[in-house]
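Numbering (the working numbering), first residue to last: 247 to 523.
This is the structure we're talking about:
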């Protein structure tokens, strides 16, 4: 994992959850939570009883709304039943995200997921052989991703390949992309993948619990349009933007390819269309 990039004051102002621990937590767990809070520049409250928090348990770190226990918790679990099923039976390179990235006969493309979120699409691409760099600007979400990556190192099914294929970077994507190749070990990606947060319709009562908590935590990416230009400047092959069906093009720029799905659309911007990419 790459150490956190310094965030602006405006970014830090958006961070509201503190890290806390369950009742009767051991001293070792409390110290572990404190170290995590310090690493991610988050507050620590051993006795938090309400609001949105990061709950540090013995087994994992999770985003939890203490005032709404029925909502459940959000964590990054790359060994979950859902992701395991998707990895084994989700269609492989026939999956929409794999087609959008342009894998086909490719096996080891470098993909930069500049808006990582919970890392699910990045995980699918990594399982297909891609080397993935993930950027996440929220320290709360980055902490969840780091926790998921750490636990994956001890998973019998994932430890042999996932740690070598997925790297996390904490910082602001526009800035990191602009200076990507000046950092040691960073290589220009074949593909830059963008999936910025988009506001859901107010009538959508069945929004998944993850999105409910994420919207409460982050809100939509109001500066999402600024991602496209540096992504196009950095990618060697293409930029892929995941958008809700019916959403406007990012930065009002028409893509070379539109891949329509029931709920989402992949907009593909080819870097050198004449080369037959």
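Glycine residues also receive a C-beta, built at the ideal position from the N, C-alpha and C atoms.
Asked, Found
"Identity of the residues DSSP links to residue 505 by a beta bridge", "512"
"For residue 414 and residue 325, believed in contact at Cβ under 8 Å, the rounded distance", "Wrong, their Cβ atoms sit about 17 Å apart, outside the cutoff."
"When 421, 376, 365, 499 are compared against residue 388, the one with the closest alpha-carbon", "365"
"Where residue 427 falls, given that 16 or more other Cβ within 10 Å makes a residue buried", "exposed"
"Cα-Cα separation, residue 286 to residue 520", "44 Å"
"Which of helix, strand or coil DSSP assigns to residue 433", "coil"
"Identity of the residues DSSP links to residue 412 by a beta bridge", "378"
"Through-space distance from residue 268 to residue 311, alpha-carbon basis", "13 Å"
"Beta-carbon spacing of residue 509, residue 480 below 8 Å", "no"
"Which of helix, strand or coil DSSP assigns to residue 449", "Legend: pLDDT at residue 449 = 46, less than 50; position of this residue unreliable, no value from coordinates given."
"Spatial distance of residue 514 from residue 501 (CA atoms)", "5 Å"
"Residue environment, residue 320, which counts as buried when at least 16 other CB atoms sit within 10 Å", "buried"
"Cβ pair residue 444, residue 484 closer than 8 Å", "no"
"Beta-bridge partners of residue 488, as assigned by DSSP", "512"
"Pair within 8 Å by beta-carbon distance, residue 359 and residue 439", "yes"
"Residue 383, DSSP secondary structure in three states", "coil"
"Residue 355 burial status per 10 Å Cβ neighbour count (16 or more: buried)", "buried"
"Any 3 or more C-beta pairs closer than 8 Å across the region 281 to 295 and the region 381 to 398", "yes"
"Among 345, 393, 294, 350, the one whose alpha carbon lies nearest that of residue 367", "345"
"Collapsed DSSP secondary structure at residue 517 in the structure displayed", "coil"
"Residues near residue 361 in its chain [Cβ-Cβ closer than 6 Å; skip 5 each side]", "440, 441, 442"
"Contact under 8 Å by Cβ, residue 381 with residue 422", "yes"
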